[in-house]
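See below for the structure under consideration.
Protein chains: 2
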Amino acid sequence: MALPSGPVTTSSEAEAALFDLVDVYDRAYEAAAAELSLSPAQACVLGRLDERRGMGALAEELGCDASNITQIVMRLEALGLVTREPNPRDRRARLVARTRRGDELNHRFATAFTFARTAVGRLSPDEQDQLTALLRKALG
Amino acid sequence: MALPSGPVTTSSEAEAALFDLVDVYDRAYEAAAAELSLSPAQACVLGRLDERRGMGALAEELGCDASNITQIVMRLEALGLVTREPNPRDRRARLVARTRRGDELNHRFATAFTFARTAVGRLSPDEQDQLTALLRKALG
DNA sequence: TATTGTTATACTCTATAACTATA
DNA sequence: TATAGTTATAGAGTATAACAATA
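Those protein sequence lines, which keep their order, are chains A and B. In terms of the working numbering, the first sequence opens at residue 757 and continues consecutively. In terms of the working numbering, the second sequence opens at residue 757 and continues consecutively.
This is the structure in C-alpha cells:
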C-alpha cells in the first residue's frame with residue numbers, strides 16, 4: 757500500500773479536498789493493480805501500450821529514467837504480457853507491444869479500477885462539466 | 757520519478773481531468789520532496805508528526821504495514837529528523853516525534869510543495885467552494 | 001560523435017513471517 | 001494469550017554511471 761502524499765499545510769478546504777481525492781485515487785489504483793497481481797508501475801506501463809512504442813518513448817511519457825523502463829518491461833515480458841520486437845527502422849531500438857494476455861489483463865484492470873468512473877458517476881452531467889472546467893482552470 | 761497512475765479507459769472528460777490532476781499532483785509532491793533529498797514516503801511521515809505518535813498509529817493512518825513504518829522512521833532518525841521516545845504508559849510502545857531539524861525540514865517542504873496552493877489560487881473564492889463541493893460529492 | 005537501450009549497482013519502499021519484550 | 005514494535009528476508013521501483021551496438 758502506497759503512502760498518501762499529504763497532508764501538507766492544507767490551508768484551505770479546496771486544498772484538503774484535492775488531497776483527499778488524490779489519496780483515494782492512488783489507493784484505488786494500487787488496489788486494482790494488486791487484484792491482478794500487478795504493481796502499479798506494471799499496470800501503468802501496460803496501459804500505455806494501446807499502440808506499441810519504444811523504450812525511450814515510454815520513459816519520456818512516464819517521466820522516468822530509461823533504465824527504469826527496462827526493468828519494468830523485463831518483468832512484464834517474463835509474465836508474458838508484452839514482447840520486445842526489433843525495430844526495422846533502427847536496429848538499436850525496440851518496440852514494446854502487448855501480447856494477447858497483456859491486452860486481456862489490461863482490460864481486466866480497466867474494469868477493476870472503478871474509482872474515477874464511480875466518482876464521476878455521482879455527479880450530474882452539468883456537474884461533471886463544471887468539475888472538468890474547474891480542474892482545467894486550476895491546472896493552469 | 758513516480759509513474760503516473762493512468763490512463764485507464766478515461767471514458768469521459770471529467771475522468772481525464774481527474775487523472776491529469778492526480779498525475780500532476782503526485783509528480784509535484786515527489787519533486788518537492790526530492791528538492792530536500794527526501795523520498796515521498798519520508799516527507800509524508802514527517803508531515804504526520806505535528807503531534808508525536810506511536811508506530812502503530814502511523815501505520816494505521818497511512819494504511820501500510822508496521823514494519824514499513826519501522827524502516828522509514830529508522831531512516832528519518834538516522835537523518836536526525838525524528839526521535840523515538842519511550843512511552844511512559846506502555847514500555848512496549850514508542851512515541852515518534854520530530855526534532856527541531858525535522859520541524860524545519862517539514863516547514864521547508866510545505867513551502868516547496870506549491871502545487872495545491874497554486875492550483876487553488878487560480879480559482880476565485882466562489883469557484884474554490886464549487887470545486888470543494890463537487891469533489892466531496894464525487895468522493896461519496 | 002551521438003543515440004538507444006542495457007547492465008551493474010545502490011538505495012528506498014513494501015509486505016510477510018518470525019521474533020522480543022511487555023501487557 | 002495478545003499486543004507493540006523490530007528484524008530478517010525478498011521483490012519491486014528508482015536513479016546514476018558505465019557500457020554495447022548502432023546511427
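Quick reminder that beta carbons are idealized off the backbone N, C-alpha and C, glycines included.
Show which residues of chain B have a CB atom less than 8 Å away from the CB atom of residue i.
i       : result
G896(A) : T874, A875 and R878
When the cut-off is 7 Å and only beta carbons count, does residue i lie next to chain B?
i       : result
A868(A) : no
L890(A) : yes
L887(A) : yes
Establish whether the CB of residue i and some CB of chain A are separated by less than 7 Å.
i       : result
E816(B) : no
P774(B) : It is worth fixing the name first, because residue 774(B) is Leu in this sequence and not Pro. Chain A contact via Cβ: present.
T765(B) : Note that T765(B) has pLDDT 48, beneath the 50 cutoff, so the model's placement of it is unreliable and no number is given.
Would the beta-carbon of residue i fall within 7 Å of that of residue j?
i       : j       : result
L879(A) : L887(B) : no
A772(B) : F871(B) : no
R850(B) : M811(B) : yes
A815(A) : I825(A) : yes
L792(B) : L861(B) : yes
A799(A) : A789(A) : yes
R857(A) : L837(A) : yes
V780(B) : V778(A) : no
Can you give the Cα-Cα distance for residue i and residue j, rounded to whole angstroms?
i       : j       : result
V823(A) : T874(B) : According to the sequence shown, residue 823(A) is Ser rather than Val. Straight-line Cα distance between these residues: approximately 33 Å.
V801(B) : Q827(B) : 11 Å
T765(A) : L794(A) : Here T765(A) scores only 48 on pLDDT, less than 50, and its place in the model should not be relied on; the value that follows carries that caveat. Each residue's Cα considered, the two are about 33 Å apart.
T839(A) : A866(A) : 21 Å
A868(A) : F775(B) : 16 Å
A770(A) : D782(B) : 17 Å
D821(A) : R845(B) : 48 Å
G803(A) : P842(A) : 21 Å
R864(A) : R847(B) : 48 Å
S768(B) : D885(A) : 10 Å
V876(A) : A894(B) : 6 Å
E807(B) : A797(A) : 33 Å
G896(A) : P760(A) : 24 Å
V852(A) : V852(B) : 46 Å
M830(B) : A787(B) : 22 Å
D859(B) : E817(B) : 20 Å
L805(A) : D882(A) : 33 Å
R809(A) : R892(B) : 38 Å
With respect to 6 Å, is the separation between the Cβ of residue i and the closest non-hydrogen atom of the ligand HEM below this value?
i       : result
F775(A) : Ligands are entirely absent from the displayed structure, and the ligand HEM is therefore not among its contents.
Could you work out which residues of chain B lie near residue i, taking near to mean beta carbons separated by less than 7 Å?
i       : result
E771(A) : A872, R873 and V876
P760(A) : C800 and L818
Residues of chain A with CB under 7 Å from residue i, in chain order?
i       : result
S768(B) : V876 and Q884
Could you list which residues in chain A have their beta carbon closer than 9 Å to that of residue i, in chain order?
i       : result
R783(B) : G819
Can you pull the chain A residues whose beta carbon is under 8 Å from the beta carbon of residue i, in chain order?
i       : result
V778(B) : L777, V778, Y781 and D782
DSSP beta-bridge partners for residue i?
i       : result
R809(A) : V852(A)
T870(B) : In the DSSP output, where bridge partners are listed per residue, T870(B) has none listed.
V838(B) : R854(B)
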